[in-house]
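Visitor: Here you go, one structure.
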Amino acid sequence: MATLKEITALCKAGQPESAYAIAKADWSVSPQNIWSQRGMGWALYYLIKLDVEEKRQSDFWAHLEELVNLDLLTPENDPLIFDTTLWCITEFIKGLSPEKPDDLDHLFSLIRKYSFNPSKGYSFLLKVCLNFETWEKWAEFLEWWNMDKLLPEDYQPVKLKNGRSIISLSERTYIAYAKVLLKLNDRERIGVFLPKIEKLMDDYPSMLYPGYFCGKLMLAMGAEKDEALESVLPFVRKKKSEFWVWQLLSEIYQNESEIHLACLLRAIHCKTQETFLGKVRMKLAAAYLQKKDYPRAKFQIEQIVQCYTSQKWRLPHEVQNWLKEPWAQQGTSDGSDGMDYKQPTDAILLHGTNEDIAIVTYIDPNKKLAAIVYGYKQRRMVKLSNLPQKVRVGSIIKLYWLPVNEKDMNIVKTRFIESSALKDTSYIQSLTGLVERIPDRLFAFVKGNGIECFIPPHMVHTYRLENSDCITALAVYNYNKKKQEWSWSCVSLTPKKK
Numbered sequence: 001m002a003t004l005k006e007i008t009a010l011c012k013a014g015q016p017e018s019a020y021a022i023a024k025a026d027w028s029v030s031p032q033n034i035w036s037q038r039g040m041g042w043a044l045y046y047l048i049k050l051d052v053e054e055k056r057q058s059d060f061w062a063h064l065e066e067l068v069n070l071d072l073l074t075p076e077n078d079p080l081i082f083d084t085t086l087w088c089i090t091e092f093i094k095g096l097s098p099e100k101p102d103d104l105d106h107l108f109s110l111i112r113k114y115s116f117n118p119s120k121g122y123s124f125l126l127k128v129c130l131n132f133e134t135w136e137k138w139a140e141f142l143e144w145w146n147m148d149k150l151l152p153e154d155y156q157p158v159k160l161k162n163g164r165s166i167i168s169l170s171e172r173t174y175i176a177y178a179k180v181l182l183k184l185n186d187r188e189r190i191g192v193f194l195p196k197i198e199k200l201m202d203d204y205p206s207m208l209y210p211g212y213f214c215g216k217l218m219l220a221m222g223a224e225k226d227e228a229l230e231s232v233l234p235f236v237r238k239k240k241s242e243f244w245v246w247q248l249l250s251e252i253y254q255n256e257s258e259i260h261l262a263c264l265l266r267a268i269h270c271k272t273q274e275t276f277l278g279k280v281r282m283k284l285a286a287a288y289l290q291k292k293d294y295p296r297a298k299f300q301i302e303q304i305v306q307c308y309t310s311q312k313w314r315l316p317h318e319v320q321n322w323l324k325e326p327w328a329q330q331g332t333s334d335g336s337d338g339m340d341y342k343q344p345t346d347a348i349l350l351h352g353t354n355e356d357i358a359i360v361t362y363i364d365p366n367k368k369l370a371a372i373v374y375g376y377k378q379r380r381m382v383k384l385s386n387l388p389q390k391v392r393v394g395s396i397i398k399l400y401w402l403p404v405n406e407k408d409m410n411i412v413k414t415r416f417i418e419s420s421a422l423k424d425t426s427y428i429q430s431l432t433g434l435v436e437r438i439p440d441r442l443f444a445f446v447k448g449n450g451i452e453c454f455i456p457p458h459m460v461h462t463y464r465l466e467n468s469d470c471i472t473a474l475a476v477y478n479y480n481k482k483k484q485e486w487s488w489s490c491v492s493l494t495p496k497k498k
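Count the sequence shown with full-length UniProt numbering and you get residues 1 to 498, in order.
Encoded structure:
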């Protein structure tokens, strides 16, 4: 019997056919000998590799079927044979057409009996097969592949040569499986998968899209509104300019007609191609019809007809039936919204956020950062882009935010508010009093409302403050880095006429 070393040496020397002939002769004598099967396995691997390179499809099938029939070989005991062959199989799949799934069906039937260990080759197989999402056995394949076998690097975004990043293999896979389960409407499978995609969201909060599909899956399972909303909101806030986000929210609020309508209206007002809005406009027309608002329903239907006609698409049956109704044939249309959709939809974005009154105490225009105090002994540096335009030191804002960690916050929304809102605020005070300034000192103090407030030198200089001048100051309980203590300081003031 030839040794494995002799078999592989012939293959590497460019003689895989000779190696195969020798290995097969040995196997014919001892078909249940593990070493004769391993000799055959290595010879067949080199032949399969050559078949793929030279696009010999019939030979590829014959050699792969022969390898699969070597019943003593397994990925666990012979990982090198199977891992190297797996790369060849994946290269073969790359040449298949998604429109012709028969070859993929046959290939899957050959390899599905094996359980592969996690490896780069196994992940590459998954990556290539993601191009076949319309494949009938797609769900079965993903379950066989087993997402628990994703490698640590499969959870990281992929950087392209041009510097752009695309979502990770794991995120793409979870999304693909969620899509196919939604299409199949398989509640049993969805129930098994939901805890897994929820764990992915918890472990990798930077991934955006799992939250969206988690919400879709929850709705398919008949989840309560608040439960589904909690899953999708982190994603929604980051993608609030996308129409399909509001389409999803309209489904979550299906049983609350006014908010349902508002979400659909916000969807069509997002900047997107009209060709994407057909289903949304159909839902919007249905919502108007439920309210017996025929003119606005007619307008949405007209938009659908115009778009579908320009694209030479067949009108949906529901639209065709609507067009036969008297209100569609004779009535007038109304393109107005009929409601303020912004207020209720903005309220959705703020669901579950912390609400605080904040004051800007410092701005660094070079780093584009601002310091804010938003509670008693609560101070943060935030990006200027997260605050309202034309913000300045002393600006009072309503802050809607979520905690990220001990040092960071996710600012969901901000808006300017009047100083009259400060009456119940313990860390911001408006006080009127007399300036106390020691001669030759650049700084000063003012007392009022039971507090002593520091006036910084630049304000003393700007307003030419002297001892006993009467002023109204906006004071904030701020952190003094030099003294490493909290104290009252002035962020803006108004001198009283002398």
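Virtual Cβ for every residue (Gly too), placed ideally from N, Cα, C.
Values in this document were obtained by computation on a predicted structure and should not be read as measured data.
(1) So, at 8 Å on beta carbons, what are the nonlocal neighbours of V404 in its own chain, with the 5 sequence-adjacent residues on each side left out?
(2) Compare the C-alpha of F401 against each of V128, S30, L349 and name the closest.
(3) For L374 versus W327, is the C-beta distance shorter than 8 Å?
(4) Does the distance from the C-beta atom of E302 to that of C270 stay below 8 Å?
(5) In angstroms with no decimal places, state the Cα-to-Cα distance between Y362 and I372.
(6) What does the Cβ neighbour count give for T85, buried or exposed, with the cut at 16 atoms within 10 Å?
(7) In the stretch 281-339, which residue ranges form an unbroken alpha helix (DSSP H) of at least 4 residues, counting only runs that do not cross its ends?
(8) For V29, count the other beta carbons within 10 Å of its own beta carbon; 16 or more makes it buried, fewer makes it exposed. Which is it?
(9) Pull up the distance between the alpha-carbon of I259 and that of E140, whole angstroms please.
(10) Can you list, in chain order, the residues of its chain with a C-beta nearer than 6 Å to that of L369? Leave out the 5 residues immediately preceding and following it.
(11) Answer yes or no: do C470 and L434 have a C-beta to C-beta separation smaller than 8 Å?
(12) For S250, which option in Y114, E274, K216 has the closest C-alpha, if you only look at C-alpha atoms?
(13) If you drop the 5 nearest sequence neighbours on each side, which residues of the same chain put their C-beta closer than 7 Å to that of Y463?
(14) R38 and L4: beta carbons closer than 8 Å?
(15) Where do the N-terminal and C-terminal ends of the alpha helix (DSSP H) with F445 fall, by residue?
(16) Which residues mark the beginning and the end of the alpha helix (DSSP H) in which Y376 is found?
(17) Write down every uninterrupted run of the beta strand (DSSP E) in the stretch 365-442 whose length is 3 residues or greater and which is fully enclosed by it, in chain order.
(18) Out of curiosity, what's the CA-to-CA distance linking V412 and K113?
(19) For the beta strand (DSSP E) containing W486, list its first residue and its last residue.
(20) Smallest Cα separation from N449: which of I93, W61, K127, T472?
(21) Using a Cβ-Cβ cut-off of 7 Å (strictly less than) and excluding sequence neighbours within five positions of G41, which residues of its own chain qualify?
(22) Alpha carbons only, please: which of P75, S109, L130 is nearest the one belonging to K94?
(23) Where are the alpha helix (DSSP H) runs, 4 residues long or more, that stay fully inside the stretch 225-271, in chain order?
(24) Just the Cα atoms here: how many angstroms apart are L387 and Y376?
(25) Which residues in the same chain have their Cβ closer than 6 Å to the Cβ of M207, if we skip the five residues on either side of it in sequence?
(26) Would you grab the beta carbon distance between I252 and A287 for me? Rounded to a whole angstrom, and I think it's under 8 Å.
(27) Figure out for me which residue from W135, L200, Q156 has the closest Cα to the Cα of K183.
(28) Could you pull the start and end residues of the alpha helix (DSSP H) that F132 belongs to?
(29) Looking at the structure shown, is L474 part of a helix, part of a strand, or coil, going by DSSP?
(30) Looking at the secondary structure, which residues open and close the alpha helix (DSSP H) in which I190 lies?
(31) Going by Cα to Cα distance, which pick from N467, I451, L474, E466 is closest to S420?
(32) Taking the alpha-carbon positions, what's the K383 to K390 distance?
(33) Going by alpha carbons, who is nearest to residue 539 out of I34, E53, E318, E198?
(34) Just curious, the beta strand (DSSP E) that E452 is in, first and last residue?
(35) Once you ignore the five residues that flank L261 on each side, which residues in its own chain have a CB closer than 6 Å to its CB?
(36) Kindly indicate which three-state DSSP category K137 falls into: helix, strand or coil?
Guide: Quick look at the numbers:
(1) Within the sequence shown, residue 404 is the residue found at index 404, counting from 1. Taking V404 as the centre and dropping the five residues before and after it, the same chain places the C-beta of N410 closer than 8 Å to its C-beta, in chain order.
(2) Sequence index remark: in the sequence shown, residue 401 carries index 401 (1-based). Sequence check: residue 401 is Trp here, not Phe. Among V128, S30, L349, the Cα nearest to that of W401 is on L349.
(3) The count along the sequence shown starts at 1 and reaches residue 374 at position 374. The count along the sequence shown starts at 1 and reaches residue 327 at position 327. The residue asked about is misnamed: residue 374 is Tyr in this sequence, not Leu. No. Outside cutoff.
(4) Here residue 302 refers to the residue found at position 302 of the sequence shown. Here residue 270 refers to the residue found at position 270 of the sequence shown. Contact flag unset, no.
(5) Residue numbering aside, residue 362 sits at position 362 when the sequence shown is read from its first letter. Residue numbering aside, residue 372 sits at position 372 when the sequence shown is read from its first letter. Those two C-alpha atoms are separated by around 7 Å.
(6) Here the question's residue 85 lines up with position 85 in the sequence shown. Buried.
(7) 294-310, 317-323, 326-329
(8) Stepping through the sequence shown from its first residue, residue 29 is reached at position 29. Exposed, because fewer than 16 other Cβ atoms sit within 10 Å of the Cβ of V29.
(9) Against the sequence shown, residue 259 aligns to sequence position 259. Against the sequence shown, residue 140 aligns to sequence position 140. Going from the Cα of I259 to the Cα of E140 covers about 38 Å.
(10) Locating residue 369 in the sequence shown gives position 369, counting from the first residue. Taken in chain order, the residues that qualify are M381.
(11) Walking along the sequence shown from the start, residue 470 turns up at place 470. Walking along the sequence shown from the start, residue 434 turns up at place 434. Result yes, Cβ atoms of C470 and L434 sit closer than 8 Å.
(12) Position 250 of the sequence shown, counting from 1, holds the residue named residue 250. Answer by Cα proximity: K216.
(13) The sequence position of residue 463 within the sequence shown is 463, counting from 1. So the qualifying residues of the chain are L493, P495.
(14) The count along the sequence shown starts at 1 and reaches residue 38 at position 38. The count along the sequence shown starts at 1 and reaches residue 4 at position 4. Their beta carbons are under 8 Å apart, which means R38 touches L4 by this criterion.
(15) Taking the first residue of the sequence shown as 1, we reach residue 445 at position 445. Run containing F445: none in the alpha helix (DSSP H); it sits in the beta strand (DSSP E), 444-448.
(16) Locating residue 376 in the sequence shown gives position 376, where the first residue counts as 1. Note, Y376: premise wrong, no alpha helix (DSSP H); not H, not E.
(17) 369-375, 378-383, 396-403, 409-416, 428-436
(18) Position 412 of the sequence shown, counted from the start, is the residue given in the question as residue 412. Position 113 of the sequence shown, counted from the start, is the residue given in the question as residue 113. Rounded to the nearest angstrom, the two C-alpha atoms are 50 Å apart.
(19) Within the sequence shown, numbered from 1, the residue matching residue 486 stands at position 486. 485-495 is the span of the beta strand (DSSP E), which, as asked, contains W486.
(20) The residue labelled residue 449 in the question sits at position 449 within the sequence shown. Per the Cα distances, T472.
(21) Taking the sequence shown and counting its residues from 1, one reaches residue 41 at position 41. Cβ neighbours of G41 beyond the five flanking positions: L67, L70, L73, D78, I81.
(22) Looking up residue 94 in the sequence shown gives position 94. Per the Cα distances, L130.
(23) 225-238, 243-252, 257-268
(24) What you label residue 387 is simply residue 387 of the sequence shown in a count that begins at 1. What you label residue 376 is simply residue 376 of the sequence shown in a count that begins at 1. Going from the Cα of L387 to the Cα of Y376 covers about 20 Å.
(25) Against the sequence shown, residue 207 aligns to sequence position 207. Within the same chain, M207 has close Cβ partners E171.
(26) The residue given as residue 252 occupies position 252 in the sequence shown. The residue given as residue 287 occupies position 287 in the sequence shown. Actually they are not in contact, since the Cβ atoms of I252 and A287 sit about 14 Å apart, beyond 8 Å.
(27) Here residue 183 corresponds to residue number 183 of the sequence shown, with the count starting at 1. Taking only the C-alpha atoms, the option nearest K183 is W135.
(28) Here residue 132 refers to the residue found at position 132 when the sequence shown is read from its first residue. Element bounds for F132: n/a, residue is neither H nor E.
(29) Mapped onto the sequence shown, residue 474 falls at position 474. It is a strand residue.
(30) Reading the sequence shown from its first residue, position 190 is the one you call residue 190. 187-203 is the extent of the alpha helix (DSSP H) around I190.
(31) Residue mapping note: residue 420 aligns to position 420 of the sequence shown, counting from 1. Checked all of N467, I451, L474, E466; the closest Cα to S420 is L474.
(32) Position 383 of the sequence shown, counted from the start, is the residue given in the question as residue 383. Position 390 of the sequence shown, counted from the start, is the residue given in the question as residue 390. If I take the Cα positions, the gap works out to 14 Å.
(33) As displayed, the chain neither begins before 1 nor continues past 498, which places residue 539 out of reach and without an answer.
(34) Working through the sequence shown from its first residue, we reach residue 452 at position 452. Unbroken beta strand (DSSP E) run through E452: 451-455.
(35) Working through the sequence shown from its first residue, we reach residue 261 at position 261. The residues are A287.
(36) Within the sequence shown, the letter at position 137 stands for residue 137. If DSSP states are grouped into helix, strand and coil, K137 belongs with coil.
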